[in-house]
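**Student:**
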Amino acid sequence: MVEQAGKPHEKDSASAPMLAAADLYCERDDRILFEKLNFQLQEGQVLQIKGDNGSGKTTLLRMLCGLNDSYEGELRWYGEPMSECGDAFYDALLYIGHRVGVNKILTPRENLAWSCSLRRQVSNDEIDSALLKVGLRGFEDSQCFTLSAGQHQRVSLARLLVSNARLWVLDEPFTTLDVSGVALLEKLIQDYSSEGGAVLVTTHHPLSVNDLTQLTLGRRPEAAESWA
């Protein structure tokens, strides 16, 4: 099961969505990316953000992760204003952006051990199990500069398996993955959400997961749509 790290303990947080955005407004270079943007993300839900290039998908993710504060509107974590959550939100978040964050001098095992050390201690067995599950058996001790872009992405995805985060924020995670990698990531997302984790993902890839909601940027009004 997904651990409860980062969840407020106030009584009223039980009925609040995990993440909620209200009336978000953002512009770049005097151009409005989105306005009056509203959505909610519940435990166990997958929210897919779609839109043309330049519509603000990555900007929105960076806002949610605290990497961009040039916006108006309100963000809440279990009903609490994000600005008042302190480390509770960031302890519960795992963000994988366009840059997969792989040190090419290190091996997959060393990359994963270093990444995990920033949050919690994990055993070598956990690391090896994660690398096995993402298809990197036999490459654990290969320096990453000898690996393909798709294998770099798999090293990054292995972080999902050893994380205790409640929320995954993934920016175009299917890029560079082959057919088997795509199927693997879809299964990771499905299994994680089935255990109560939430996923916010930008991708043009048609997702085959349960409890999927889609949000399309670049049209007004912005609204999240649920898909059975």
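To convert, count from 1 in the sequence shown and add 1124; that's my numbering.
The beta-carbon is built from N, C-alpha and C at its ideal position, and this holds for glycine as well.
1) Does the Cβ-Cβ distance between Ala1322 and Gln1169 come in under 7 Å?
2) Cα separation between Pro1345 and Val1325?
3) Compute the Euclidean distance between the alpha carbons of Leu1218 and Val1286, then round it to the nearest angstrom.
4) What whole-angstrom Cβ distance do Lys1228 and Cys1268 have, given they're in contact under 8 Å?
5) Within 10 angstroms of the Cβ of Lys1181, are there 16 or more other Cβ atoms? Answer buried if so, exposed if not.
6) Let me make sure I understand the geometry here. Which of Leu1260, Ile1220, His1276, Asn1248 has the alpha-carbon closest to that of Thr1289?
7) Work out the CA separation of Leu1309 and Asp1302 for me, nearest whole Å.
8) Terminal residues of the continuous alpha helix (DSSP H) containing Asp1211?
9) Which class does Gly1197 belong to by DSSP, given the choice of helix, strand or coil?
10) Using alpha carbons as the reference points, say which of Val1306, Ser1253, Ile1251, Asp1249 lies closest to Gln1277.
11) With distances taken Cα to Cα, identify the nearest neighbour of Ser1088 among Arg1200, Arg1186, Lys1160, Cys1150.
12) Note down, in chain order, each residue of its chain lying with its Cβ closer than 8 Å to the Cβ of Ile1156, except the 5 sequence neighbours on either side.
13) Buried or exposed for Met1125, going by 16 or more other Cβ atoms inside 10 Å?
14) Give the DSSP-derived three-state secondary structure of Ile1085 in the structure shown.
15) Using C-beta distances below 7 Å, list every residue in its chain close to Pro1141, excluding the 5 sequence neighbours before and after it, in chain order.
16) Excluding five sequence neighbours on each side, which residues of the same chain lie with their C-beta closer than 6 Å to the C-beta of His1133?
17) So within the stretch 1212-1295, which uninterrupted alpha helix (DSSP H) runs reach at least 4 residues, ignoring any that extend past its ends?
18) Check whether the Cβ atoms of Leu1341 and Gly1175 sit closer than 7 Å, and answer yes or no.
19) Classify Glu1151 as helix, strand or coil using the three-state DSSP reduction.
20) Measuring only the C-alpha atoms, how far is Phe1213 from Ala1145?
21) Could you please give the first and the last residue of the uninterrupted alpha helix (DSSP H) stretch that includes Val1333?
22) Work out the CA separation of Cys1240 and Val1246 for me, nearest whole Å.
**Tutor:** Let me lay it out:
1) yes
2) Reliability fails at Pro1345, whose pLDDT of 45 lies under 50, so the model's placement of it is uncertain and no value is given.
3) Roughly 11 Å separates the two Cα atoms.
4) 5 Å
5) buried
6) One point to set straight first is that residue 1289 is Ala, not Thr, in the sequence displayed. Closest by alpha carbon: Ile1220.
7) 11 Å
8) 1211-1215
9) Taken through DSSP and simplified to helix, strand or coil, Gly1197 comes out as strand.
10) Val1306
11) Residue 1088 lies beyond the stretch modelled for the chain, which goes from 1125 to 1352, so this question has no answer here.
12) Around Ile1156: Tyr1149, Cys1150.
13) Caution is warranted here: a pLDDT of 36 is assigned to Met1125, below 50, making its placement in the model unreliable, and no coordinate value can be reported.
14) Residue 1085 lies beyond the stretch modelled for the chain, which goes from 1125 to 1352, so this question has no answer here.
15) Gln1164, Leu1165, Gln1166
16) Any reading at His1133 must be qualified, since the residue scores a pLDDT of 40, below 50, and its modelled position is unreliable; the value itself is stated next. Apart from the 5 residues on each side of it in sequence, His1133 has no Cβ closer than 6 Å to any other Cβ in its chain.
17) Runs found: 1232-1241, 1248-1257, 1273-1286.
18) yes
19) strand
20) 14 Å
21) No alpha helix (DSSP H) contains Val1333, which DSSP labels as neither H nor E.
22) 7 Å
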